[in-house]
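These notes concern the structure reproduced below.
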DNA sequence: GAATGTTACGCTGTCCGTAAGAATC
DNA sequence: GATTCTTACGGACAGCGTAACATTC
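Residue numbers (the numbering used here), protein chains in the order written: chain S, 16 to 216; chain W, 16 to 216.
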């Protein structure tokens, strides 16, 4: 099954005329005729009753028409929706908060990549501590904040949504041989992974 | 836009894996990969975030998925509905009544053609006068009757639906020169055509 | 013979599979 | 080095347009 078939089918059904349908879909009349024949063969059903100068839909054609129209409309909607989404993604403003360590270590690369992909998005970055960031987020002064969660792992904070993004290993360097910091195992158990599935860093 | 694109797109969206999606739709992985790329180029939007071993939908992909699924489901429904309709058309019974003149002149050819196209339809033909036919039709003993309408042309008869099918010229043959029967002009005016648009005889 | 749909035929573009490449773990 | 996605390339096939044909008015 091809979308083209349905386009041609609907054109003929609406014009009740092969030649005029061909003009409407900008194709030669024999090409359209053949595609309709292919569709009919594929369905195993005659779709049009070809009386000279009086093309009408058969029962099978009547059954197909509404679905064909809906399918074509959906295809149109699909492309349009994606386009509209892109248009929205291409302009706007994001107020992002982050801790000093994040701002120094991770943000520069991420912001560069983001700006390259969405040059129309205005980025406002605020650098302060995790506590302040959460408060400003709650107050609506920020859209997004990269914070270091309190001991015990991520948890819901009122109306805020928290998504684990990155788990870092903290290593104790010492002059005496020593095991890795025990919190590491706890972190992995809490998060289930080293890097969140949503994280592209 | 091709339906194939949407099929491949949905497969990748559901498996979150190009290789496994390719297996599911029975195509080589590079072929699928290329089609997805074509779809993305056509929409002007990236649909998947390709992180190694962690394919996820982008916002555009999320927007497209439900519509793509609906379109594919509709295509499936369309073919199935036509098939079911055909199955119904292929078996059944029609009780047809007709006047003696119709049974003699027109029916044989029509019945032969009809039976050739719908060999599974059982045809029961009853031959009697127009009055009786209408009565039996009203009583539900017939499904269809070919009658000669009362003078004055076709009209609604209770719950019956009447469709003009054929207008015949009646010629007076005489030893003296004479005009065509005057009713002929009246008939044409009433019916608007010599043969009804629905008539293939 | 004019109008209209179908069949025939060669051409082009699209899609496919195999093979090679690139990137990540 | 194994896995996984992308790029390259040659072949097969579907769809197109022109032309010829068939049919009906």
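Don't be surprised by glycine CBs; every beta carbon is placed ideally from N, CA and C.
Q: Using DSSP bridges, identify the partner residues of residue 141 of chain W.
A: W/112
Q. What do you get for residue 163 of chain S, buried or exposed, if any count of 16 or more other CB atoms within 10 angstroms of its CB means buried?
A. exposed
(Q) Taking the alpha-carbon of residue 142 of chain S as reference, which of S/161, S/40 and S/153 has the nearest alpha-carbon? (A) S/161
Q: Decide if residue 59 of chain W is buried, meaning its Cβ has at least 16 other Cβ atoms within 10 Å, or exposed.
A: exposed
Q) With DSSP run on the structure shown, which of helix, strand or coil describes residue 64 of chain S? A) strand
Q | Span of the alpha helix (DSSP H), counted from its first residue to its last, around residue 22 of chain W | A | 18 to 30
(Q) Distance cutoff 8 Å, beta carbons only. Does residue 224 of chain S sit that close to anything in chain W? (A) This structure cannot settle anything about residue 224 of chain S, because the visible part of chain S is limited to 16 through 216.
Q | Per-residue burial, residue 50 of chain W [other beta carbons within 10 Å of its own, 16 or more giving buried] | A | buried
Q. Below 8 Å, can you find three or more Cβ-Cβ pairs linking the region 88 to 96 of chain W to the region 75 to 91 of chain S?
A. yes
Q. Under the rule that 16 or more other beta-carbon atoms within 10 Å means buried, what is residue 18 of chain S, buried or exposed?
A. buried
Q) In chain S, which residues lie with their C-beta within 8 Å of the C-beta of residue 86 of chain W? A) 86, 89, 90 and 93
(Q) For residue 154 of chain W, count the other beta carbons within 10 Å of its own beta carbon; 16 or more makes it buried, fewer makes it exposed. Which is it? (A) exposed
Q: Name, please, each residue of chain S whose Cβ falls closer than 9 Å to the Cβ of residue 59 of chain W.
A: 97, 98 and 101
(Q) Once the 5 residues before and after residue 34 of chain W are set aside, which same chain residues still bring their CB inside 7 Å of it? (A) 44
Q: Pull out every residue of the region 37 to 53 of chain W whose Cβ sits closer than 7 Å to any Cβ of chain S, in chain order.
A: none
Q | Where residue 149 of chain S falls, given that 16 or more other Cβ within 10 Å makes a residue buried | A | buried
(Q) Rounded to the nearest angstrom, what separates residue 20 of chain S and residue 56 of chain S at their Cα positions? (A) 12 Å
Q: Within the same chain, show all residues whose beta-carbon is closer than 6 Å to that of residue 111 of chain S, passing over the 5 residues directly before and after it, in chain order.
A: 140 and 159
Q | For residue 46 of chain S, three-class secondary structure by DSSP | A | helix
Q) In terms of DSSP beta bridges, what is residue 160 of chain W paired with? A) W/112
Q. Listing by chain order, which chain S residues have their CB less than 8 Å from the CB of residue 83 of chain W?
A. 93
(Q) Measuring alpha carbon to alpha carbon, tell me which residue in S/120, S/102, S/67 and S/38 is nearest residue 133 of chain S. (A) S/102
Q: Put residue 73 of chain W into one of helix, strand or coil per three-state DSSP.
A: coil
Q: Verify the CB distance criterion: does residue 111 of chain S have a CB-CB separation below 8 Å to chain W?
A: no
Q | Minimum Cβ-Cβ distance from residue 29 of chain S to chain W less than 8 Å | A | no
Q) Considering only residues of the same chain and omitting the five flanking positions on each side of residue 88 of chain W, which have a CB-CB separation below 8 Å? A) none
**Q.** Helix, strand or coil at residue 168 of chain W according to DSSP, with G and I counted as helix
**A.** With a pLDDT of 48 at residue 168 of chain W, under the threshold of 50, the predicted position of this residue should be treated as unreliable, and no value is reported.
Q) Going by Cα to Cα distance, which pick from S/117, S/125, S/108 and S/120 is closest to residue 138 of chain S? A) S/108
Q: Out of W/72, W/190 and W/61, state which residue places its alpha-carbon closest to the alpha-carbon of residue 26 of chain W.
A: W/72
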